[in-house]
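Each remark here refers to the structure printed beneath this line.
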Amino acid sequence: MRPPADLVVETDATFRVHASLYTDPALFDAEMDRIFGSAWVYLCHESELPNPGDYRTSVIGRQPVIVSRDQDGEVHVLFNRCMHRGAVVCRADRGHSNYFRCQYHNWVYDSRGALQGMAQPSGYPDDFDRSGLSLVKPPRVGTYRGLIFASLAEDGESLQERLDDVRGYIDAWCDRSPLGRVTLPRGNHRYSYPGNWKLQLENGVDGYHGNYVHESFSQILERSGERRRSDVTRARNEVGGVNSAKGLSHGDGLLERGSGMLGTIDFSQFAGYRERLAQAHGADRVDDILTQRNVLVWPNLFLFESHIRVVRPVSVNETTVDNHPTMLQGAPDEVNTARLREHERFFGPASFGATDDLEIFVHVQTGVQASSAQWLDMSRGMHREEQRDGEIVGHSTDETPQRSMYRAWRRAMARTNREAVA
Ligand code: FES
Ligand SMILES: [Fe+2]
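Numbering-wise, the sequence shown is residues 8 to 429 according to the working numbering.
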């Protein structure tokens, strides 16, 4: 494995990423230690476990966890690993139960992770010490506006500090609900692709590919009389106004466009919605709240207008992605209905958008096998992006967010895990 610091190379005018970032299993293992072993990693949303006894399973990198709500309403994150001989104790994605029963030899844990009993207990002495046999918990857990995160690092930035620079965008996303409450009530759509996890991260904030990869979607909009193709292209290429790509600290980034710009929902058509938002959050915030954004919270979470997207690295060339459609509490029913229909149309399993992107991930994963051409170029827009209030702001088609992401990758990968938590 080459030193990671040599694999993301930046000058004043160029930014290059080495192809081995997508293909080298040793680098993937190092990512799991140095990135997912220390970052605040998103697990799930509080609204997915509304009642005592509800649970969700998730992962921190490759490490399986259960997020459970106990009888007192407190949320616990537990490694999904039996303290007897290591089997997962919960196999479902979500559910409701007052205990987790390991399938292998029937050890039983409560929703706080405490060992409640084991099968055929006479095989153990009466004074058998169970104190160290509760399910293990990750060192740190934090929640911000319903988003539950955990960190495998004992020390380091608090979640609040970590989210400092992206907090305003998370708030705007949550405040699309007049009650300030987004919920994930209906499960999720999961897909896997034979490609590296970072391809999904790059793509979710990539405003350059739309006119090409999603050309067929533009054609559909035109055929249905909804929007002219040339208008969609022009809107994507437009310079000025709200049409930017931003790079933040910590590897976060976003794509930002005016509301209703590209065949997405124009909220002005819903009587009363803007008024409800103005009443709840202040009239001066409404335009900002309704700005269309794809927000990447490094290393595994996206906040899209219609959904939360969670990226799960599986191996160097295998990734699983969960899309959870969201509901805006307190918004008119027609708004949530329109958002769900829009989600199905562009992001759902039989959609006209996300499915195109998946095909591209496979093409990239195939292309980077050509090892004689070692580098990928991500320098688009370096000559025109600007620093504004601690953010790097480029045109929406620039690779500004991707560069922020890979700077964070380089920082995390250049240190050992021990240094990362020091
Ligand atoms: S591995 Fe869980 S009870 Fe044996
Ligand atoms: Fe796309």
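Every residue, glycine too, gets a C-beta built ideally from N, C-alpha and C.
Small disclaimer: the values here were computed from a predicted structure and weren't measured.
Q | Backbone CA spacing between S322 and D133 [nearest angstrom] | A | Cα-Cα distance, rounded: 44 Å.
Q: Let me know the secondary structure DSSP gives V239 once reduced to three states.
A: V239 falls in the helix class under three-state DSSP.
Q: Ignore the nearest five residues each way along the sequence and tell me which others in N58's own chain have a CB closer than 8 Å to its CB.
A: Exclusion of the five residues before and after N58 leaves R76 and H103 as the residues of its chain whose Cβ lies within less than 8 Å of its Cβ.
(Q) Pairs of beta-carbons, one from the stretch 328-338 and one from the stretch 209-226, closer than 8 Å: are there three or more? (A) Because the criterion of three Cβ pairs below 8 Å is not met, the stretch 328-338 and the stretch 209-226 do not touch.
Q | Cβ-based neighbour list, G124, same chain, cut-off 8 Å, excluding 5 preceding and 5 following | A | Here the set comprises W114 and V115.
Q. Does ligand 1 have a heavy atom nearer than 7 Å to the CB of C97?
A. Every heavy atom of ligand 1 is 7 Å or more from the Cβ of C97, so no.
**Q.** Under 8 Å between C-beta atoms of P408 and L206
**A.** No, they are not a contact pair.
Q) Comparing the CB of C109 with every heavy atom of ligand 1, is any distance shorter than 7 Å? A) C109 Cβ: within cutoff of ligand 1.
Q: Kindly examine ligand 2 and report whether one of its heavy atoms sits closer than 7 Å to the Cβ of N210.
A: Relative to the non-hydrogen atoms of ligand 2, the Cβ of N210 comes within a distance shorter than 7 Å of at least one.
**Q.** Under the three-state DSSP convention, the category R352 falls into
**A.** Of the three classes helix, strand and coil, the one that applies to R352 here is helix, per DSSP.
Q. How long is the line joining the alpha carbons of H25 and R119, rounded to whole angstroms?
A. H25 and R119: Cα-Cα distance of roughly 44 Å.
(Q) Please identify the residue among E168, E406, E351 and G60 whose C-alpha is closest to the C-alpha of R387. (A) Cα-wise, what sits closest to R387 is E406.
Q) E38 by DSSP, collapsed to three states: which one? A) Reduced to three states, the DSSP call for E38 is helix.
(Q) For V369 and Y200, which I take to be in contact (beta-carbon distance under 8 Å), what is that distance rounded to the nearest angstrom? (A) 6 Å between Cβ atoms; contact.
Q) If S45 and S158 are in contact, beta carbons under 8 Å, what's the gap, nearest whole angstrom? A) In this structure S45 is in contact with S158, their Cβ atoms being roughly 7 Å apart against a cut-off of 8 Å.
Q. Y176 and V302: beta carbons closer than 8 Å?
A. Contact: yes.
Q. What are the boundary residues of the alpha helix (DSSP H) that F224 is part of?
A. It spans E222 to R230 - the alpha helix (DSSP H) in which F224 sits, taken as one unbroken run.
**Q.** Exposure label - D213; buried when at least 16 CB within 10 Å
**A.** The C-beta of D213 has 16 or more other C-beta atoms within 10 Å across all chains shown, which makes the residue buried.
Q: Have a look at D136, R183 and R230 and flag the residue whose alpha-carbon is nearest the alpha-carbon of R346.
A: R346 has its Cα closest to that of R183, out of D136, R183 and R230.
Q.
From the DSSP secondary-structure annotation, give me the bridge partner or partners of H83.
A. Checking the DSSP bridge columns, you'll see H83 partnered with S75.
Q. What whole-angstrom Cβ distance do R254 and I42 have, given they're in contact under 8 Å?
A. Per the sequence shown, the amino acid found at residue 254 is Gly instead of Arg. Not quite, the Cβ-Cβ distance comes to about 17 Å (not below 8 Å), so this is no contact.
Q. CB of H221 to nearest heavy atom of ligand 2: below 7 Å?
A. Yes - ligand 2 has a heavy atom lying nearer than 7 Å to the Cβ of H221.
Q: Within 10 angstroms of the Cβ of A415, are there 16 or more other Cβ atoms? Answer buried if so, exposed if not.
A: A415 counts as buried, since no fewer than 16 other beta carbons sit within 10 angstroms of its beta carbon.
Q | DSSP three-state assignment for P326, whether helix, strand or coil | A | It should be pointed out that residue 326 corresponds to Thr in this sequence rather than to Pro. The DSSP-derived three-state label of T326 is strand.
Q: Alpha carbon to alpha carbon, how far is L308 from T190? Give it in angstroms, no decimals.
A: Distance from the CA of T190 to the CA of L308, rounded to the nearest whole angstrom, comes to 16 Å.
Q: Just the C-alpha distance for I296 and G289, rounded to the nearest angstrom, thanks.
A: Roughly 10 Å separates the two Cα atoms.
Q) So, helix, strand or coil for A427, using DSSP? A) Because A427 sits at a pLDDT of 47, beneath the cut-off of 50, its placement in the model cannot be relied upon, and the following sentence gives the value as read from the coordinates. Helix, per DSSP.
Q. By a C-beta neighbour count over all protein chains shown, 10 Å radius and 16 as the cutoff for buried, is R348 buried or exposed?
A. Its Cβ having fewer than 16 others within 10 Å, R348 is exposed.
Q. Per the contact definition of three or more C-beta pairs closer than 8 Å, is the stretch 87-95 in contact with the stretch 104-111?
A. With a cut-off of 8 Å, the stretch 87-95 and the stretch 104-111 count as touching, because enough Cβ pairs lie within range.
Q) Count the other CB atoms within 10 Å of the CB of Y280; is the residue buried (16 or more) or exposed (fewer)? A) So Y280 counts as buried.
Q | Own chain, CB closer than 6 Å to G187, minus 5 neighbours either side, in chain order | A | Hits under 6 Å: C181.
Q: Return the CA-CA distance between D364 and N210, expressed in angstroms with no decimal places.
A: Taking the CA atoms as reference points, D364 sits about 8 Å from N210.
Q | Same chain, Cβ closer than 8 Å to A429, neighbours up to 5 away in sequence not counted | A | Because the pLDDT of A429 is 38, which lies under 50, any placement of that residue in the model is unreliable, and the question is left without a value.
Q.
Tell me which residue opens and which closes the beta strand (DSSP E) that Q123 is part of.
A. Residues L122 to G124.
(Q) So L85 and V72 are supposed to be a Cβ contact under 8 Å. How far apart are they, rounded? (A) Contact between L85 and V72 holds, since their C-beta atoms are separated by about 6 Å, short of 8 Å.
**Q.** ligand 3 heavy atom lying under 7 Å from the CB of A94
**A.** For ligand 3, the structure offers nothing, since it holds only ligand 1 and ligand 2.
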